[in-house]
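J.: I am attaching a structure below and will ask some questions about it afterwards.
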Amino acid sequence: MTKKQLTVGDVDLQWDLEKAEVLFDGGAVVFFWISAMETFFDSIREIAGTEATKLVLETTGFRQGVVVGEEFLHMKNINTSNIIEWLANTYAPAGWGKAKIVKMDEETKQFTFHIQDDWEYKMNQRKQKGLEGIFVHAHYAGVLTGLFGTNFWYKTIQYQNDENPYSIVEYYPSDITVQSNIHDLSRKQEALKIQELERMVDEKTMMLQKLIKEISSPIIPVLENIVVVPMIGNYDEERSEDLILNTLSELPRHRAHYLLLDLTGLHKHISEHTARLIDKLGASARLLGIETILVGVSPELAMVIAQSENDLNKFECLKSLQHGIYYALGKSGRTISKAD
130 MTKKQLTVGD VDLQWDLEKA EVLFDGGAVV FFWISAMETF FDSIREIAGT
180 EATKLVLETT GFRQGVVVGE EFLHMKNINT SNIIEWLANT YAPAGWGKAK
230 IVKMDEETKQ FTFHIQDDWE YKMNQRKQKG LEGIFVHAHY AGVLTGLFGT
280 NFWYKTIQYQ NDENPYSIVE YYPSDITVQS NIHDLSRKQE ALKIQELERM
330 VDEKTMMLQK LIKEISSPII PVLENIVVVP MIGNYDEERS EDLILNTLSE
380 LPRHRAHYLL LDLTGLHKHI SEHTARLIDK LGASARLLGI ETILVGVSPE
430 LAMVIAQSEN DLNKFECLKS LQHGIYYALG KSGRTISKAD
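Quick note, the numbering used here runs 129 ahead of the 1-based positions in the sequence shown.
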C-alpha cells in the first residue's frame, strides 16, 4: 500500500509513498518545520559566510546521519541486500522525499542515489534562492557510515532543478572526513588572513618607501640661487638614482647657481660607491652650469676624500654648511650684513 490516510482528532494525515509526500490537512507536512530550518540556515550563512555555511551544513548533516545509521543498525538487521527498501520506507514517510538507490556494488559498497523533492530542495525553492543541496546529501553519507561502520563520502553528479527531476549522488567508502574538511577550511582561512596581512604589509612598505624617498633626498633652497642637498646614511643603487634624478630635476626650477652637498649626515666612512655618487652628481650639475660645493667635511671625511679613487678634491670642500653659504655668497658678489 503506497497511500495511507489517518485522522487524529480534527487533523487529517495522508501518506503517499509513491510521491514521497506527507500531507498535514492537505499541505506538505515538511512546510510546518521547514521555515524554522530556513531561518537557522540563513542565520549561519549571514554570520559565517557562504563557504563556512556549506561546511557547517555538510558536517551537521553527516553527523546526524551517522547517529541515525548506528541506531537503526542496532534495531534492525541492515545490510546491502535490504538497505534499498529500508531507506525508502524510513525517509519517505517522514517527509524527506524520495531517496532511491538505483545502482549498488555490494563488493565495493558503492551506491548511486536518486534524491527527489527532499525538504532541503523544497526549502531552497521556496524563496527561489538557487541554492543547491548540501545537508541532505551529506546526511545519507553519514547514514551509510553508521550502518556499515566504514566512512562514506559523496559526490553530487546532478542537482535537482527545473531541468533535472532529481539529484544524482554517488556514495563510496573514502578517507575524506568532516574533520579533515574542517581542518582544510581552517587552514584556507588562515592562509587568506596571512595573504591579507601580507598585502597590508606590502602597502604600508610601499608607502614608507615612498615617504623615505621624499624625505631622504630633500632639496632646500636656502637663499637665492643657492640650494642645499643633505646626504644622509648609506646609498644603494636605487637610492643613488633617486637622489640624482630628484636633484637634477629640481635645480633648474630653483634657478640654482650653487649646489651645496651637505655631508654631515654621512657616516665617517664614505664607501667608494658614495664617493662615485658625489662625483657623478657634481659632474652632472656642472653640465647645467651649477657649481658643486661639499660642506660638513669632518677631518675623518677629509682623509677619506683625499684617499678616494674618485677625484673629489676638484670640488670646493668646507667645514660647515654656514661656511659653504658664505662662500657661495662671496662668489656671487653678495654678503650678509646686519640691519641698522
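From the three backbone atoms N, C-alpha and C, an ideal C-beta is built for every residue, glycine too.
Since the structure is predicted, the reported quantities are computational estimates derived from the model, not experimental observations.
Note the first and the last residue of the continuous beta strand (DSSP E) segment covering P428.
T.: It is not in any beta strand (DSSP E) - P428 instead sits in the alpha helix (DSSP H) that spans 428 to 436.
J.: Using only alpha-carbon positions, find the residue among N218, F264, M360, I212 that is nearest to T241.
T.: Measuring from the Cα of T241, the nearest candidate turns out to be I212.
J.: For a test of your reading of the model: does the CB of I355 fall under 7 Å from any non-hydrogen atom of the ligand PLP? Yes or no.
T.: Annotation note on the ligand PLP: not contained in the displayed structure, which lists no ligands.
J.: Among the residues of its own chain, which have a CB less than 8 Å from the CB of R192, if the five just before and after it don't count?
T.: Excluding sequence neighbours, R192 sits near G271, V307.
J.: Once DSSP output is grouped into helix, strand and coil, what is the label at L186?
T.: Looking at L186 - three-state DSSP - the assignment turns out to be helix.
J.: Assign S413 to one of three DSSP states: helix, strand, or coil.
T.: Note: S413 maps to helix in three-state DSSP.
J.: Would you identify the three-state DSSP class for S303, choosing helix, strand or coil?
T.: It is coil, neither helix nor strand.
J.: Quick check on the burial criterion: 16 or more other C-beta atoms within 10 angstroms. Buried or exposed for P428?
T.: Exposed.
J.: Three-state secondary structure (DSSP) at T403?
T.: Here T403 sits in helix by DSSP.
J.: For the candidate residues I230, L202, F201, whose alpha-carbon lies nearest to that of E214?
T.: Among I230, L202, F201, the Cα nearest to that of E214 belongs to I230.
J.: Could you give the uninterrupted runs of the beta strand (DSSP E) lying entirely in the stretch 273 to 300, keeping only those of 3 residues or more?
T.: Fully enclosed beta strand (DSSP E) runs of 3 or longer: 281 to 287.
J.: Assuming T464 is part of the alpha helix (DSSP H), what are its boundary residues?
T.: Premise fails: T464 is in no alpha helix (DSSP H) and is neither H nor E.
J.: Could you give the DSSP three-state label for M360: helix, strand or coil?
T.: Reduced to three states, the DSSP call for M360 is coil.
J.: Count the CB pairs spanning the stretch 434 to 449 and the stretch 400 to 407 that are closer than 8 Å, and state whether there are at least three.
T.: Yes, the stretch 434 to 449 is in contact with the stretch 400 to 407.
J.: Closest to S413 by CA distance: which of I399, L380, S400 is it?
T.: Comparing Cα-Cα distances from S413 to each of I399, L380, S400, the minimum goes to L380.
J.: Are the Cβ atoms of G178 and A267 separated by less than 8 Å?
T.: In this structure, A267 does not lie closer than 8 Å to G178 by Cβ.
J.: Within the continuous beta strand (DSSP E) that includes E420, where are the two ends?
T.: From DSSP, the beta strand (DSSP E) with E420 extends over 420 to 424.
J.: Expressed to the nearest angstrom, what Euclidean distance is found between the alpha-carbon atoms of A221 and V330?
T.: Their Cα atoms are separated by approximately 56 Å.
J.: Looking at G198 and L276, is the spacing between their C-beta atoms short of 8 Å?
T.: Yes. Within cutoff.
J.: Going by DSSP, name the residue or residues bridged to Q245.
T.: Answer by DSSP bridge pairing, in chain order: K227.
J.: Looking at T279 and K238, is the spacing between their C-beta atoms short of 8 Å?
T.: Result yes, Cβ atoms of K238 and T279 sit closer than 8 Å.
J.: Which residues does DSSP pair with Q239 in a beta bridge?
T.: According to DSSP, which records beta bridges pairwise, Q239 is partnered with D234.
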